[in-house]
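Positions 25 to 315 (my numbering) are the ones given, in order, by the sequence shown.
A virtual CB, placed ideally from N, CA and C, is assigned to each residue, including glycine.
Right, one structure below, let's go through it.
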Amino acid sequence: MTLERGREMARVAAGGGIRLSLAQGIRVEAGGRTWSPSTETLRLRPVEPGLWSFGGRRYRGAMLAFLDREGGIALINELDIEEYLASVVACEIGPINEQTYEAVKAQAVAARSFTLTRLERRKGLGHSLFDTYRRDQEYRGADAEVELSRQAARETAGEVLLRQGAPVEALYHANCGGRTAPGSDPALRSVRDTPGNRPGKAWCADGKHYSWTLKMGREEFERKLAQTAKRGERVRVRSVRVERDESGRARRVEFSSDKGTFKVGGSDFRFGIGLKSTFFEMALGTRTVTF
């Protein structure tokens with residue numbers, strides 16, 4: 025692997041470790057040598073096509089390291105979009121086998137379309153995408169890939185969904201709970217997951233994520249809520265009202281508490297509390313809260 029800061033600094037033999045640390049810049053230690061701290065972007069690139077590892081995962085492509093806005097070290101995996109999708113598809117759909125392969129290819133097209141709509145959204149951060157479904161799509165490097173996910177990316181290479189000549193933000197989910205959520209694009213309408221969009225049993229009703237239950241202690245919930253809403257260590261909730269969108273999902277959740285009345289966005293509430301979806305009912309008990 026080569027180390028570069030504008031030009032090649034050194035080559036590290038396969039299996040050799042590289043250590044980065046903060047010291048008024050990024051200090052590099054590798055192969056028994058140490059380089060002075062620098063604020064320049066560091067690029068680590070395999071000499072030949074292959075994999076490198078970090079944090080217990082293996083990755084393709086190159087790695088960039090630079091100082092982020094908070095002064096920490098940002099590590100970015102730089103790779104071809106089709107290599108990226110081979111991992112994303114495997115992480116986002118399952119099971120992958122010969123019987124589900126056409127769905128896997130469709131997932132590759134949807135994920136590619138989604139990716140293209142996100143590439144220009146984070147100018148100034150030094151990267152295009154986050155590696156989690158909470159921000160973008162789930163990406164876990166090369167170890168998540170399987171042969172059929174790589175094949176699906178290859179066979180659909182370059183295929184995207186277009187609307188009015190531009191890639192579609194092709195949102196997708198593990199299970200829609202019987203009805204899809206509306207999107208910001210007018211084309212992303214909320215529809216029933218049923219034949220002909222008519223009332224009836226949803227196609228996804230037999231899926232393991234169709235329904236779910238979560239119960240937690242009242243104190244734990246109120247502490248998580250306080251952290252999510254930035255209201256100190258804990259709030260004592262007196263009442264709650266959920267404002268829903270046309271699909272029935274929480275758009276905003278309003279609380280009356282000992283620290284006043286406040287609202288939390290549906291997605292912020294979901295991730296702050298640790299829910300599977302914004303499609304929930306909520307029962308506030310004396311000692312427990314049940315979703």
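Where the beta strand (DSSP E) containing residue i begins and where it ends
| i | result |
| --- | --- |
| Tyr83 | 81-83 |
| Glu257 | That residue, Glu257, is in no beta strand (DSSP E); it is neither H nor E in DSSP. |
| Ala34 | 32-35 |
| Ser279 | The amino acid at residue 279 is misidentified as Ser; the sequence shows Phe. Segment 274-281, the beta strand (DSSP E) holding Phe279. |
| Phe78 | 76-78 |
| Leu68 | 66-69 |
| Ala54 | 50-54 |
| Arg145 | Element bounds for Arg145: n/a, residue is neither H nor E. |
| Thr26 | 26-28 |
| Thr312 | 312-314 |
| Met240 | 239-241 |
Opening and closing residue of the alpha helix (DSSP H) in which residue i lies
| i | result |
| --- | --- |
| Phe293 | 290-297 |
Nearest-angstrom Cα separation, counted from residue j out to residue i
| i | j | result |
| --- | --- | --- |
| Pro61 | Ala54 | 13 Å |
| Ala114 | Glu169 | 6 Å |
| Phe293 | His197 | 18 Å |
| Asp217 | Lys254 | 37 Å |
| Thr252 | Val259 | 11 Å |
| Pro206 | Asp269 | 8 Å |
| Leu212 | Leu153 | 22 Å |
| Gln175 | Lys283 | 55 Å |
Reference residue i, options the options, closest by Cα
| i | options | result |
| --- | --- | --- |
| Arg93 | Lys283, Gly150, Tyr234 | Gly150 |
| Glu305 | Val266, Arg51, Val288, Lys254 | Val266 |
| Gly220 | Asp209, Arg203, Tyr234 | Arg203 |
| Gly272 | Leu143, Gln48, Val215, Gly80 | Val215 |
| Asn101 | Gly85, Phe90, Ile50 | Gly85 |
| Gly40 | Arg29, Arg242, Arg57, Glu28 | Arg57 |
| Glu32 | Thr65, Leu153, Gly95 | Thr65 |
| Ala38 | Met25, Val264, Glu193, Leu185 | Met25 |
| Ser301 | Gln175, Gly284, Thr237 | Thr237 |
| Asp209 | Arg262, Thr141, Asp160, Ala130 | Thr141 |
Near the ligand GDP: residue i beta-carbon under 8 Å from a heavy atom
| i | result |
| --- | --- |
| Gly150 | Here there are no bound small molecules, and the ligand GDP is not part of this structure. |
Handout entry: Residue ranges of each beta strand (DSSP E) within the region 86-124, 3 or longer
Key = 86-91, 97-102
Practice task
Please determine if the region 61-77 and the region 133-144 are in contact, where contact requires at least 3 C-beta pairs separated by less than 8 Å.
Solution key: No, the region 61-77 does not touch the region 133-144.
Exercise for the section: Just list the alpha helix (DSSP H) runs in the region 158-220, keeping only unbroken ones of 4 residues or longer that don't cross its boundaries, in chain order. Expected result: 171-179
Exercise for the section: Check whether the region 234-243 touches the region 308-315, counting contact only when three or more Cβ pairs, one atom from each stretch, lie closer than 8 Å. Expected result: yes
Problem - Inter-stretch contact at 8 Å, needing at least 3 Cβ pairs: the region 172-192 / the region 221-233 - result: no
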